[in-house]
Each structure stands twice: as structure tokens, then as C-alpha cells.
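What follows is a short report on a single structure.
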Amino acid sequence: MKYIYMCVVVLTFFANQSFAEVSLPKIFADGMVLQREAAVPVWGWAEAGEKITVTFLGKRYTAKADKNGNWMVRLAEMKAGGTFELTVQGKSKNVITIKNILIGEVWVCSGQSNMEWRIGSLPIKDAEVAAANFPQIRTFTVPRVASSKPQKDVPSGEWQEAVGENVKNFSAVAYFFAKDLYQQYKVPIGLINTSWGGTIAETWMSAGAAKQIPDFKSQLEDLEKTPDLLEKAKKDAEEIRKKYADMGRNTETGIVGKWWKDDLSTNEWKEMKLPSLWENAGLQGLDGVVWFRKEIELPEKYVGKNLIINLGAIDDADETYLNGEKIGQTNSYSDKRSYQADAQKWRQGKNIITVRVTDTGGGGGIYGEPKEMFVGLGTERAVELAGNWKYRIDMAEAMNVSVSANPNSHPTLLYNAMIHPLIPYSIRGAIWYQGESNASRAYQYRTVFAEMIKDWRNQWKQGAFPFLFVQLANYMKFEDVPKESEWAELREAQTMTLALPNTGMAVIIDIGEGADIHPKNKHDVGKRLALSARKIAYKEEINYSSPMYESMQVNGDKAIISLKYTGNGLVVKDRYGYIKGFTIAGEDKKFYWAKAYLENGKIVIYSENVSKPVAVRYGWANNPEDLNLFSKDGLPVCPFRTDSWQGITVGNK
């Protein structure tokens with residue numbers, strides 16, 4: 146997955162700050178949720194030596210600010226409930242009162258875009274808004290910021306209740322996770338959403354942890370040598386913000402003005418030569434919506450034909466129109482666009498193609514190869530589309546955008562700005578949805594992901610708190626023949642991370658979408674994470690895990706697989722009872738599609754092409770979309786392989 150270049154901020158507001166008044170981190174605010182049954186830390190800043198008094202639930206706690214102005218108290222363990230008030234007072238200089246506090250369960254929610262993905266971006270958003278009446282479920286969203294050094298606080302943020310329109314701002318995965326837990330336990334749930342689309346795991350690690358991984362040594366040394374890296378990014382962002390200051394994110398003029406209409410005047414539109422990322426064509430640092438239009442002359446010989454409009458790759462999403470009528474749309478930064486336009490949609494002579502492009506971060510636009518842009522009849526090229534197109538910016542989001550640095554440019558940048566300021570806020574655990582951006586380095590991820598989890602636990606000093614994560618969904622095109630797969634190797638690395646204590650994994654290999662890296666079914670993702678939480682965090686005796694590989698035996702030309710965590714047994718979701726998704730290989734390491742069936746709770750696999758089985762793989766592909774083996778509890782069998790042959794990501798850095 147692409148690196149996202151956006152929203153890089155240097156948090157310098159604590160440098161040389163005088164703590165004339167008592168202050169608290171921004172996460173301590175009205176509506177906050179505190180962790181039940183824990184000695185909750187409350188901390189902040191004041192003048193050196195100043196005495197601080199914290200009052201909560203009838204108890205008074207005192208502390209004295211150290212020479213650097215830091216202070217902390219720990220509240221006595223509390224039962225779930227609310228609402229309450231907390232006050233913080235220094236030497237009569239100011240009193241801070243925090244209202245509407247709940248005590249319940251607090252979860253950190255982090256990762257990349259599939260964790261960031263909001264309820265408001267789902268097709269079911271209206272139904273969720275209408276049903277949202279959960280004032281005891283609350284979220285605090287950490288702004289997307291980065292820093293080369295650990296920061297003391299985040300720049301802004303507020304707690305929101307899951308009521309009505311508010312719910313649109315909730316991470317969809319986190320919301321469904323919380324809603325399931327709330328319905329189970331009827332205790333308040335606090336969600337700290339600290340996520341950023343397109344980011345790699347190592348940017349979420351502390352410097353101390355990252356330094357233990359040799360692959361990151363040079364990047365960390367580079368960061369130490371260039372302390373002004375993010376200061377320059379801040380200046381770049383300011384220039385970009387000024388450039389697009391007259392373009393807001395709240396309205397889309399293009400939608401209101403129907404810029405897809407073929408009779409629209411484009412006198413004010415500018416020209417851009419395509420294909421090209423728009424950052425390389427003068428729109429540096431722009432994220433948002435840009436419309437493109439091109440008028441073409443259709444040769445007479447193609448009139449009355451069903452033609453294909455080929456546009457190549459578009460970053461991120463597009464809606465494509467022909468003569469004022471929508472003919473297709475795709476949400477994927479890497480998929481090549483090919484849309485069929487039936488004969489009746491074409492006109493003899495002049496035709497207008499309009500493309501609305503939405504970019505949520507990083508490079509944007511119609512950026513493929515010139516040879517990929519044409520109107521065609523089969524392989525026959527009717528009209529070339531590469532060249533000058535008219536364009537107009539509709540919405541611009543350039544808040545803190547950087548062209549000189551990005552959160553993936555060095556390890557630690559997001560840990561410093563989006564995790565470190567939260568520590569040691571008391572939590573029950575963490576949920577995590579990330580991995581797409583590390584797929585090309587899946588073998589390395591075996592180390593990186595496990596070390597990141599251990600790092601967070603070390604930093605929080607709450608022991609091995611529950612860490613629950615989502616395995617990558619099926620994505621990209623379905624392959625007709627068995628192939629090696631980076632995404633399969635990343636899923637394997639995630640599965641291996643379960644060796645760490647108090648970890649759980651939600652397998653979602655059944656709910657991905659081949660054409661969209663952001664599957665819309667976030668409900669089942671949240672529900673499966675909640676199953677893991679109910680077992681790992683709350684000790685319920687339930688079937689929470691997908692079935693997983695345990696062992697293989699060979700009997701003649703057949704391989705016999707045993708699975709663990711099968712719960713109430715296995716079921717094949719196919720009326721003929723055939724199990725799909727298995728491949729088998731002999732000593733030559735060549736894999737063939739295999740036939741498979743259930744027998745006495747085990748899986749028997751064979752192929753007429755393999756007389757002496759050596760290895761079996763299941764769901765080993767980017768998009769094994771036909772998998773049909775589940776537990777009777779409704780959880781898909783986790784993809785696996787029995788071999789340890791070298792994969793295609795070994796050595797990638």
C-alpha cells in the first residue's frame with residue numbers, strides 16, 4: 146500500500162513553556178472515560194515545586210510538581226459507573242473541573258486506514274446514525290500528527306458520545322467492537338482512536354524499540370542527523386495551506402453544480418497533461434477532489450459499438466461519466482480503470498469524458514501509463530486519451546500537509562506524536578488493524594509487529610495487556626493458478642504473532658473485496674475483535690478464535706490436516722460439501738489445486754498431480770475469494786501453510 150504524505154506537524158508547544166498555571170493533557174476533558182478497577186494515573190504540568198490537589202469521588206490526592214514541572218497522582222481503583230466530576234487545583238492560581246466522566250473500559254484503537262475508516266464513510270451510515278443512542282460509548286480521536294521527538298501532549302481533541310450524528314466520526318471497526326462489548330457487559334466503553342491511513346508499523350514504535358531492529362538503523366541515524374526535518378515540513382504545510390485556503394472541505398461545488406453535465410462551461414478550468422500524479426503537475430501537497438474533463442472525437446467507424454473507456458490507475462477513487470451519464474466508479478489507488486460504455490451512450494462526433502477523482506492522502510490523480518489510456522474496441526484503439534485534459538479543483542484538504550516528510554519516512558514518527566502523549570493513560574487493552582503497508586516486507590513484519598506490541602506494553606507499564614488485531618482481508622484479483630503472495634506471507638506473520646501472551650486475531654478472509662482495499666463490512670470485523678476481547682480480556686469461556694492449523698500427516702497420496710480451535714466443529718459452506726482453497730505440492734515444490742473433504746473432523750487433501758504430498762497450503766493468495774471452510778460458530782478457517790519454504794518477501798527492507 147502506498148505511503149501517505151499528509152498531516153505532518155511538529156509539536157513544539159511544550160518547548161520552553163512556562164507552567165504558570167496547572168494544566169492537563171488534552172485527553173483529560175469533559176466526557177472522558179476512565180479505566181475501572183485500575184489505579185488510574187492523572188498527570189499534568191505546573192510550576193516547579195507547586196502543590197497539586199486532585200479531587201475525585203470524595204477523595205483528595207496530592208502531588209508536587211518536580212523541577213521540570215511534571216506531576217502525577219494515581220486514583221484509587223473504581224467500579225464502573227458515572228457520571229462524575231474531577232477537579233485539579235494548584236496554589237489557587239487556577240482550578241480545572243472535568244465534567245461528565247464515566248468509569249468503564251478504555252481501549253486504544255490504532256493502525257492504518259481500515260481502523261481509521263469512519264462510520265460516516267460506510268454505505269450503512271444513515272441506519273447507524275438513526276440507531277446510535279449509546280451515550281456510554283465514547284471516543285477521543287487523536288489528530289494525525291508526527292514528530293521526530295516524543296511529545297508530551299496532542300494538539301487537540303475531545304470526547305464524543307455515540308449518539309446521533311456524532312457516530313459518523315467514530316472509527317467503524319472500533320464502534321462495532323465497542324457496541325458489542327457494551328451490549329455484553331453494560332459498562333461504559335472509551336475508545337482512543339489514534340490511527341493514520343497508509344502507515345507502516347515501525348512508525349508506531351518508540352526509538353528504543355526500533356533501534357533493536359538492524360534494518361532501521363540507517364533511518365534512525367538519518368533522523369538524528371536532521372532534527373529540522375519536521376520543522377521544514379511544518380513550513381511546507383503552511384505554504385500549501387495558504388495556496389488552497391479558498392477551498393474548503395465542507396461542501397463540494399462540483400456535486401452541487403453537476404460538473405459531470407456535458408453542457409457545462411469549462412472556461413475557468415485549467416489544463417493538465419495526463420497521465421500524471423497531480424502533485425507532479427502543479428498541485429503539490431493537495432488532497433481532496435479534482436474533476437477532469439476531455440472532449441474527444443469518435444471516429445465514424447466506431448459509432449454504434451460497445452466501447453471500453455480505459456483510464457489506467459487512479460489514486461484513490463474515481464467516478465467516471467460519459468456525456469453526462471455515470472458509467473462506473475472504483476475505490477482503489479492501484480486498480481486500472483476500464484469501464485464499458487454501451488453503444489447508445491456514444492454520440493457521433495464529439496463526446497465528453499468526465500472523471501471525478503478523490504484522493505485521501507499522498508499522490509493523487511490519473512497516473513498510469515499513457516498506453517493504458519484509450520477508448521477501445523477489444524484491443525483495437527479507437528481514441529487515445531493520454532494528453533491534455535481540463536481540470537478543476539473542487540475540495541482541497543491541505544491541513545498540515547508536508548511535501549518534505551511523511552509519517553512513513555522514518556520509524557518512530559507517529560509513536561512520538563500519537564502514542565507517547567497518551568501514556569500512561571490507563572487502558573484495558575488495544576485493538577489494531579494494519580499490515581497492508583508492510584505487505585512487501587512480510588518476512589520482516591514477523592519481527593516488527595511483535596516488537597511493536599512488546600514496546601507498547603513496556604511503555605505503558607501495565608503488564609501484558611490484551612492486544613487484539615485484525616488479519617488482512619482478501620484483496621486484489623482472484624488468481625486462477627496457485628502463486629506466491631506477499632499478502633499471504635503478511636497474514637502468516639500476523640498469525641505467528643499470536644505466540645505473544647494475551648493476543649488475539651480476528652480472521653476476515655471471507656469478507657474482503659477484491660476491488661477495494663477498504664472492505665465495507667466493518668461490523669463483523671468489530672464483532673470478531675470483541676469475541677477475542679471477551680475471552681482474552683474478560684475471561685469468558687467462549688469459542689473466540691478461527692480454526693487454525695495444528696498438524697499434517699501423510700497417508701499414501703493423501704495429506705490429512707488437523708485443525709485446532711474448531712469449537713463446535715467444522716462446516717463446509719457449499720451444498721456439495723467440497724472444500725475450496727487448498728493446494729498441494731510434492732518434493733518439487735510445485736503447487737496444484739487440490740481436492741479436499743472432511744472426514745472425522747479432519748481434512749483430507751489430494752491431487753492427481755501429486756503422488757507423494759510434502760506440503761499443503763490453504764487460502765495462500767492475495768485474494769482467495771472462494772474459501773468455504775468455517776467453524777460451526779461462523780468463523781472462517783485461518784489461512785496457513787505446512788511448509789517453511791522461503792517466501793518472496795525474505796530480505797525485503
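If you use the numbering used here, the sequence shown closes out at 798, no skipped numbers anywhere.
Yeah, the Cβ is synthetic: ideal placement off N, Cα and C, and Gly gets one too.
Keep in mind it's a predicted model, so treat the numbers as computed, not measured.
Assigned secondary structure, residue i (DSSP; H/G/I helix, E/B strand, else coil)
i	result
W349	helix
I441	strand
R573	coil
D504	strand
Y683	coil
E369	helix
L169	coil
K718	coil
N259	helix
F594	helix
L780	coil
Y723	coil
S554	coil
Q489	helix
E273	helix
S477	coil
M223	coil
K450	coil
E306	strand
Residue(s) in a DSSP beta bridge with residue i
i	result
D661	E658
M693	K709
M417	W534
V795	Partner(s): none; V795 has no beta bridge.
T640	According to DSSP, which records beta bridges pairwise, T640 is partnered with nothing at all.
D460	G510
I334	E250 and I282
E525	L522
R586	Answer by DSSP bridge pairing: none, since R586 is not bridged.
K471	Y466
K808	Given that the chain is displayed from residue 146 to residue 798, the structure contains no residue 808 and the question cannot be resolved.
Exposed unless 16 or more other CB atoms sit within 10 angstroms - verdict on residue i
i	result
R492	exposed
E581	buried
D211	exposed
Q791	exposed
G510	buried
A275	exposed
S547	Any reading at S547 must be qualified, since the residue scores a pLDDT of 45, below 50, and its modelled position is unreliable; the value itself is stated next. Buried, by the Cβ-count rule.
V626	exposed
Q698	exposed
E195	buried
P444	exposed
I400	exposed
S292	buried
T313	Going by the sequence as given, residue 313 is Lys instead of Thr. K313 is buried by the Cβ-count criterion.
K331	exposed
N561	buried
Q328	exposed
R205	exposed
A277	buried
W347	The sequence shown places Glu at residue 347, not Trp. Buried.
G343	buried
Supposed contact pair residue j and residue i - C-beta distance, whole angstroms, cut 8 angstroms
i	j	result
L431	G508	That pair is no contact at about 10 angstroms.
Y751	A739	6 angstroms
V233	V178	Going by Cβ atoms, the distance from V233 to V178 rounds to 18 angstroms, so no, they are not a contact pair.
K703	V749	5 angstroms
W252	I705	40 angstroms between Cβ atoms; not a contact.
A193	G214	6 angstroms
I345	N553	5 angstroms
G726	L772	4 angstroms
Y620	G574	Wrong, their Cβ atoms sit about 27 angstroms apart, outside the cutoff.
CB of residue i within 8 angstroms of CB of residue j, strictly
i	j	result
I538	G427	no
A272	I248	no
K495	E424	no
L617	R591	no
A675	F229	no
E261	W349	no
A660	S479	no
T499	D461	no
W484	I497	In the sequence under discussion, the amino acid at residue 484 is Tyr, which differs from the Trp named in the question. Against a cut-off of 8 angstroms, the Cβ pair of I497 and Y484 comes out as no contact.
C254	I576	yes
Residue i Cβ short of 7 angstroms to the ligand ADP heavy atom set
i	result
Y327	Inclusion of the ligand ADP in the displayed structure is not the case, the ligand content being empty and no account of it being possible.
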